[in-house]
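Novice: This is the structure I want to talk about, given as structure tokens.
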Amino acid sequence: MARQDVENYGLVIQTSGVDSRLEVELCAPCHSRRTELGDYDHTRADLLDNIAPSLLREGSYFADGQILDEVYVYGSFVQSKMFKNGIRCSDCHDVHSLELVKSGNELCLQCHQAEVYDSYDHHFHKKEHEGRPSEGHLCAKCHMPQRPYMVIDWRADHSLRVPRPDLTIEISTPNACGQSGCHDDKPAEWSAEHHAKWYGQARKPHYGTILAAGRRGAPEARDRLIRLADDARYPAIVRATALALLGSYPGEESTAAFDRALSAEEALVRYTAVQNINTADPKRLVDLVVPLLFDRVLGVRMEAAARLAGAPDVIFKPYQKGALREALAEYQDAMRHSLDFSFAAHNLGNLYAKLDDPERAAHYYNTAIEIDDLFYPAKANLAVLYSSKGQYNKAERLLREILHDFPNQYDSAYSLGLLLAEMNRHDEAVVYLEQASAGMPDRPRVFYNLGLMLQHLGRTGEAETALLKAVEIAPEGLDYLYALADHYIKRGEPRKALPISNRMIAIHPERSRSWHLKEYLEKALASPGGRSGN
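Take a look at the structure:
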């Protein structure tokens with residue numbers, strides 16, 4: 003039966019003649035790992051009016067952006083040069099059947115010159131190997147390596163990247179040369195040696211090294227993450243991922259980077275900046291985020307509202323209060339639309355916790371847990387809520403459940419250690435703080451708390467080691483330096499503490515606490531009993 007003869011075949015929006023980005027974003031709501039922002043409305047102008055695509059997060063993607071978990075296609079493709087240069091889904095796929103429009107290298111030769119790219123001088127692989135047909139010469143074999151999902155479903159990485167065995171060695175990402183059926187019997191060093199022989203020693207910097215350092219929490223990653231987030235030459239999903247990681251690096255430089263990102267052209271960058279901006283000053287947070295309540299993109303407005311929820315009412319101007327109410331209503335509607343998923347109930351729990359409504363917060367955290375008993379973020383936040391109300395036993399039970407199901411959830415081990423310390427169960431607290439420090443070796447606060455607890459228990463040598471580690475990780479952290487100096491004072495070693503006070507003054511001469519500490523130490527050392535201090 004023929005289609006009805008109506009304009010544009012009765013489709014909601016025009017699909018012929020659309021630009022490449024719009025076509026890709028029409029496919030994205032189904033072909034992406036995503037968070038839904040309410041019911042789909044394909045007439046909306048921006049992708050983030052309907053969904054928020056997953057970033058290149060640990061557990062979903064490798065650090066260089068290659069697919070790991072079941073992330074589908076969109077998040078990979080938007081990293082590619084193909085997407086940047088206007089290639090769209092229908093250039094390679096029939097939009098209804100998803101079948102390829104051409105087979106083998108003919109698909110790529112629609113754009114790439116055969117004499118340059120479909121040649122031995124480019125790929126260095128024969129069409130036959132030991133008398134059998136070989137796939138080594140196929141473009142997709144090197145540039146779109148596959149991974150299996152649900153055992154039998156092999157999916158190609160659509161970031162169409164250049165193989166980088168050097169990154170396999172540096173940051174443990176997959177190596178196209180070492181995939182099954184190719185050179186999986188050879189180490190990455192073998193692949194890197196041949197790669198250098200064929201294409202030379204020079205290698206372009208890759209954002210994967212920066213994201214890998216950010217995932218580890220390496221202190222030196224902060225400035226590199228800032229540069230990556232600022233650089234509009236990189237894909238929006240990469241810049242947004244850098245911002246998400248930058249949220250773990252509080253400080254003026256990071257806040258300034260978020261401030262710039264809040265006015266970025268790409269909605270995903272603005273959305274992620276709102277989510278992760280890190281400032282302890284509510285007034286500054288409102289000043290930075292409130293303009294986003296008027297953003298043209300729904301997802302950005304909603305996230306701005308969620309972030310500003312609970313800020314003191316007096317900070318807002320009357321017209322801003324109205325915009326906040328409207329955006330909060332949009333946020334709540336979107337989350338209720340997705341209440342069959344644990345993330346939505348968890349988000350509502352977070353919202354009501356900020357709005358100082360602990361009963362509704364607990365209700366939604368428990369709803370999230372009922373939907374998915376393994377969704378540990380809801381358990382962790384509910385534990386915080388219980389702890390704030392003095393219901394320590396309930397909080398302890400939840401944290402122990404998390405660690406039973408996820409032994410490597412070191413943040414929960416850290417939280418449990420702090421909770422047990424609050425409950426005066428210090429010996430138990432140390433066990434979990436040590437577990438957290440082993441699992442998060444780049445987190446200075448963990449070693450700081452561990453050092454203080456060990457000091458309380460009289461384990462002074464171990465306490466010194468932990469506090470020194472905190473200072474090593476964050477050499478400009480005044481809290482850590484002060485704790486180390488105080489440790490030496492309590493041990494009767496003021497001479498060791500004095501240079502630490504000088505270091506504190508050099509870092510932040512405006513802080514009176516550092517000067518008072520130095521004055522105290524100099525007096526102590528000048529006294530008859532202090533002259534012999536170590």
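In this note's numbering, the protein residues as written are 3 to 536. For every residue, glycine included, the Cβ atom is placed at its ideal position computed from N, Cα and C.
(1) What is the residue span of the beta strand (DSSP E) that tyrosine 236 lies within?
(2) Just to confirm the assignment: which complete alpha helix (DSSP H) runs, minimum length 4, are found wholly within the stretch 99-159?
(3) What is the DSSP secondary structure of arginine 445, reduced to helix, strand or coil?
(4) Here's the rule: buried if 16 or more other CB atoms are within 10 angstroms of the residue's CB, otherwise exposed. What is methionine 3?
(5) So, under 8 Å CB-CB, phenylalanine 449 and alanine 465 are touching, yes? Tell me the CB distance rounded to an integer number of Å.
(6) Thinking just about the alpha-carbon of each residue, which of Asp315, Leu357, Ala313 and Val316 is nearest to the one in glutamine 334?
(7) Using 10 angstroms around the beta-carbon of glycine 2, count the other beta-carbons present and answer buried if the total reaches 16, otherwise exposed.
(8) Mind checking aspartate 66: buried by the 16 CB within 10 Å criterion, or exposed?
(9) Note the first and the last residue of the continuous alpha helix (DSSP H) segment covering alanine 370.
(10) What did DSSP end up calling arginine 36 once you bin it into helix, strand or coil?
(11) Using the three-state DSSP reduction, which class does isoleucine 89 fall into: helix, strand or coil?
(12) Tell me the DSSP bridge mates of glutamate 60?
(13) Is the shortest distance between the beta-carbon of alanine 528 and the beta-carbons of chain B less than 8 Å?
(14) Measuring only the C-alpha atoms, how far is glutamate 305 from proline 379?
(15) Check isoleucine 279 in the structure and name its three-state DSSP category.
(16) Would you kindly check if the distance between the Cβ of leucine 384 and the Cβ of leucine 405 is under 8 Å?
(17) Taking lysine 83 as the reference, which of Ser414, Cys113 and Met455 has the closest Cα?
(18) Can you tell me which of the three DSSP states proline 55 falls into?
(19) Quick check on DSSP: helix, strand or coil for alanine 528?
(20) Short of 7 Å in beta carbon distance, which residues of its chain neighbour aspartate 71, apart from the five on each side in sequence? Order them along the chain.
(21) Quick check: proline 252 and asparagine 280, are their CB atoms within less than 8 Å of each other?
(22) Given tyrosine 354, which residues of its chain have a CB within under 7 Å of its CB, disregarding the five upstream and five downstream residues?
(23) How many Å lie between methionine 442 and tyrosine 412 at the Cα?
(24) Going by the DSSP bridge assignment, what does tyrosine 74 pair with across the sheet?
(25) Given this structure, state the Cα-to-Cα distance separating phenylalanine 318 from valine 288, to the nearest angstrom.
(26) Going along the chain, which residues of its own chain have a beta-carbon closer than 7 Å to the beta-carbon of isoleucine 491, five neighbours each way excluded?
(27) For the alpha helix (DSSP H) containing threonine 170, name the first residue and the last one.
(28) When we look at the beta-carbon of arginine 272 and count the other beta-carbons within 10 Å, is it buried (16 or more) or exposed?
(29) Buried or exposed, going by whether 16 or more other CB atoms sit within 10 Å of the CB of methionine 455?
(30) Of all the options Glu254, Glu521, Lys86 and Ala231, which has the alpha carbon lying nearest to the alpha carbon of leucine 245?
(31) Could you check where the alpha helix (DSSP H) with proline 284 kicks off and where it finishes?
(32) Using CA atoms only, rank isn't needed, just tell me which of Glu372, Gly494 and Arg515 is closest to phenylalanine 343.
(33) Closest to alanine 370 by C-alpha separation, out of Ala346, Ser105, Ser389 and Arg226, would be which residue?
(34) Touch check for the stretch 189-202 and the stretch 220-231: three-plus C-beta pairs under 8 Å?
(35) In terms of alpha-carbon separation, which member of Pro314, Ala269, Pro501 and Tyr201 lies closest to aspartate 283?
(36) Where are the beta strand (DSSP E) runs, 3 residues long or more, that stay fully inside the stretch 380-433, in chain order?
Specialist: Checking against the coordinates, here is how it stands:
(1) That residue, tyrosine 236, is in no beta strand (DSSP E); it is neither H nor E in DSSP.
(2) 116-119, 122-125 and 141-145, all fully within the stretch 99-159.
(3) If DSSP states are grouped into helix, strand and coil, arginine 445 belongs with coil.
(4) With a pLDDT of 44 at methionine 3, under the threshold of 50, the modelled position of that residue is not reliable, and the figure given next carries that caveat. Burial state of methionine 3 is exposed, judged by a 10 Å Cβ sphere holding fewer than 16 other Cβ atoms.
(5) Wrong, their Cβ atoms sit about 10 Å apart, outside the cutoff.
(6) If we check each option's Cα against that of glutamine 334, Leu357 comes out closest.
(7) Nothing about residue 2 can be reported from this structure: the residues present for the chain run from 3 to 536 only.
(8) Looking at its Cβ environment, which holds 16 or more other Cβ atoms inside 10 Å, aspartate 66 is buried.
(9) DSSP places alanine 370 inside the alpha helix (DSSP H), whose first and last residues are 360-373.
(10) Looking at arginine 36 - three-state DSSP - the assignment turns out to be strand.
(11) In the structure shown, isoleucine 89 adopts coil according to DSSP, grouped into three states.
(12) Bridge pairing for glutamate 60: Tyr63 [DSSP].
(13) Note that chain B does not occur in the displayed structure, where there is just one protein chain.
(14) Pairing glutamate 305 with proline 379, the inter-Cα distance amounts to about 18 Å.
(15) For isoleucine 279, the secondary structure class from DSSP, reduced to helix, strand or coil, is coil.
(16) For the pair leucine 405 and leucine 384, the CB atoms are not nearer than the 8 Å cut-off.
(17) Out of Ser414, Cys113 and Met455, Cys113 has the C-alpha closest to the C-alpha of lysine 83.
(18) In this structure, proline 55 counts as strand in the three-state DSSP scheme.
(19) It is helical.
(20) A distance below 7 Å between beta-carbons, with the five flanking residues on each side excluded, links aspartate 71 to the following residues of its chain, in chain order: Gly61 and Ser62.
(21) Going by C-beta atoms, proline 252 is nearer than 8 Å to asparagine 280.
(22) Around tyrosine 354, the same chain offers Arg362, Ala363 and Tyr366 as residues with beta carbons nearer than 7 Å, after the five sequence neighbours per side are excluded.
(23) When rounded, the distance between both Cα atoms is 7 Å.
(24) When beta bridges are read from the DSSP output, tyrosine 74 appears opposite Ser34.
(25) Straight-line Cα distance between these residues: approximately 8 Å.
(26) In chain order, Ala499 place their CB closer than 7 Å to the CB of isoleucine 491, counting only its own chain and leaving out the 5 sequence neighbours on each side.
(27) 167-173 is the extent of the alpha helix (DSSP H) around threonine 170.
(28) The residue in question, arginine 272, is buried, as its Cβ has 16 or more Cβ neighbours within 10 Å.
(29) Residue environment for methionine 455: buried (at least 16 other C-beta atoms within 10 angstroms of its C-beta).
(30) If we check each option's Cα against that of leucine 245, Ala231 comes out closest.
(31) Segment 284-291, the alpha helix (DSSP H) holding proline 284.
(32) Phenylalanine 343 has its Cα closest to that of Glu372, out of Glu372, Gly494 and Arg515.
(33) Looking only at Ala346, Ser105, Ser389 and Arg226, the smallest Cα-Cα distance to alanine 370 is reached by Ala346.
(34) The stretch 189-202, when compared against the stretch 220-231, does not touch it at the 8 Å Cβ threshold.
(35) Per the Cα distances, Pro314.
(36) None, since the stretch 380-433 contains no complete beta strand (DSSP E) of that length.
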